[in-house]
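Chemist:
In full-length UniProt numbering, the protein residues as written are 1 to 451.
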């Protein structure tokens, strides 16, 4: 990690394993012809007669840091040698920690000019009225759009990682702290204010909710939609630019390995937008992992704090064929529905035999099954209801499945009783399903507009 001296504008290496001095860190949108590591020494930073937006951004950062007795700053555009792939890879995996360990983060919004209004705080008596008054806090000075800073993929971790954050407009006028502006940031980003003002750690949010915060953002490189989330989930990947959508697939595999959070499977595909592929599957069928982060855009309210169905330890695992998922055999066989019908229509002495025959027939020919996840959302009256997805058999055999009706996600109306969800489930007959997945080469074209 290199740090920039706020007085001399010289870079100094901070060796790994040594104690770093306190430093400020900058979050910003890049200008065209940004001052980089290669051009920093010849940029004329020390000559105040040379002016440009690029120079003033660095000078402003250093000026504010000096006023707070901070001798060092870190700026991604000038402090990383991006010509070194090794350094770039290390920086991508370390960046969240660097923002987290900074004494303060200055967020510089070059497309915003502060109005005369004061930042809204949660202590005001009329939040709805205050929210309307503050609707233009982050508005671009040349349009009614929100600052571009909120649209970019990399700035999500820059928003969440720092311990302290202050926002500044294009003139380096102080706008407010992240905590003060949390209600307005929530309105823009969908990130609940409690994760912004320090009330609750953002990593307590479900995987699906955290992915939803990124789903509508954009990055220049497709792979960065995944790489910019590494710190959000506290995982590591080796960045491989050129791998395209495979980067997000690898991220999901890593989350599957590191977490027992079934909201990862609670995605929905936008209607008619699944990519084309080389498998003989229906147009609404896919694997258990999502083809794109866009599929999580409506998952912001999904939680994992409801009444869980226990799964055998280590039961949900990635395999060469797909995702291995444990499921009680009884959930694959519709006994109750058919037994209720037979108690009305079948004579007592033939009922058990007829019921068994019909059950077996239905189990063999049924087209889809619902799979209830350990993931919940509120219904219309504020009750937590578990979510369920739909599976159908793969042509390769009884143990292989695929996800179907990928555009649908439903609330389960009933959940199993305690006798089926605790140790009773673990002792019951289990079936391990392998829900097939796509490798990168299976996808033949991207007809969807996914990015």
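Quick reminder that beta carbons are idealized off the backbone N, C-alpha and C, glycines included.
Quantities reported herein were computed from a predicted structural model and do not represent experimental measurements.
So, for residue 165: in the same chain, excluding its five sequence neighbours on each side, which residues have a beta-carbon less than 7 Å away from its beta-carbon?
Modeler: Once the five neighbours on either side are set aside, the close Cβ partners of residue 165 are 105, 107, 177 and 178.
Chemist: Quick one: what's residue 140 bridged to in DSSP?
Modeler: Beta-bridge pairing links residue 140 to 112.
Chemist: Suppose the cutoff is 8 Å on Cβ atoms and the five residues either side in sequence are ignored; what does the same chain contact list for residue 66 look like?
Modeler: Correct list, in chain order: 6 and 7.
Chemist: Does DSSP classify residue 223 as helix, strand or coil?
Modeler: Here residue 223 sits in coil by DSSP.
Chemist: Report all residues from its chain with a CB closer than 8 Å to the CB of residue 110; omit the five preceding and five following residues, and keep chain order.
Modeler: Cβ within range, chain order: 28, 29, 31, 53, 57 and 170.
Chemist: Per DSSP, residue 466 is paired with what?
Modeler: Lying before the first or after the last residue shown, residue 466 is absent from the chain, which here runs from 1 to 451.
Chemist: Output the distance between the C-alpha atoms of residue 256 and residue 318, rounded to the nearest integer angstrom.
Modeler: Roughly 7 Å between the two C-alpha positions.
Chemist: Does the pairing of the segment 373-385 with the segment 223-242 give three or more beta-carbon distances under 8 Å?
Modeler: Counting Cβ pairs under 8 Å, fewer than three are found: no touch.
Chemist: Since residue 93 and residue 2 should fall inside the 8 Å C-beta cutoff, what is the C-beta to C-beta distance between them, to a whole number of angstroms?
Modeler: Not quite, the Cβ-Cβ distance comes to about 16 Å (not below 8 Å), so this is no contact.
Chemist: If you measure between the beta carbons of residue 247 and residue 302, is that distance less than 7 Å?
Modeler: Cβ distance not < 7 Å, so residue 247 and residue 302 don't count as in contact.
Chemist: What does the Cβ neighbour count give for residue 441, buried or exposed, with the cut at 16 atoms within 10 Å?
Modeler: Note that residue 441 scores 47 on pLDDT, short of 50, meaning its location in the model is unreliable and no value can be drawn from it.
Chemist: Measuring CA to CA, which of 163, 154, 148 and 175 is closest to residue 137?
Modeler: Minimum Cα distance to residue 137 is reached at 175.
Chemist: With 16 other CB atoms within 10 Å as the buried threshold, where does residue 224 fall?
Modeler: Burial call: buried.
Chemist: Compare the beta carbon distance of residue 272 and residue 212 with 7 Å and say whether it is the shorter of the two.
Modeler: Not in contact: residue 272 and residue 212 (Cβ atoms no closer than 7 Å).
Chemist: I'd like to confirm the pairing. Which residues does DSSP put opposite residue 376 in its beta bridges?
Modeler: Partner(s): 303 and 386.
Chemist: Check whether the Cβ atoms of residue 81 and residue 37 sit closer than 7 Å, and answer yes or no.
Modeler: For residue 81 and residue 37, yes; Cβs fall inside 7 Å.
Chemist: Whose C-alpha, out of 206, 13, 154 and 233, is nearest the C-alpha of residue 221?
Modeler: If we check each option's Cα against that of residue 221, 154 comes out closest.
Chemist: Is the beta carbon of residue 5 within less than 6 Å of some heavy atom of the ligand FAD?
Modeler: Among the components of this structure there are no ligands whatsoever, and the ligand FAD is therefore not found.
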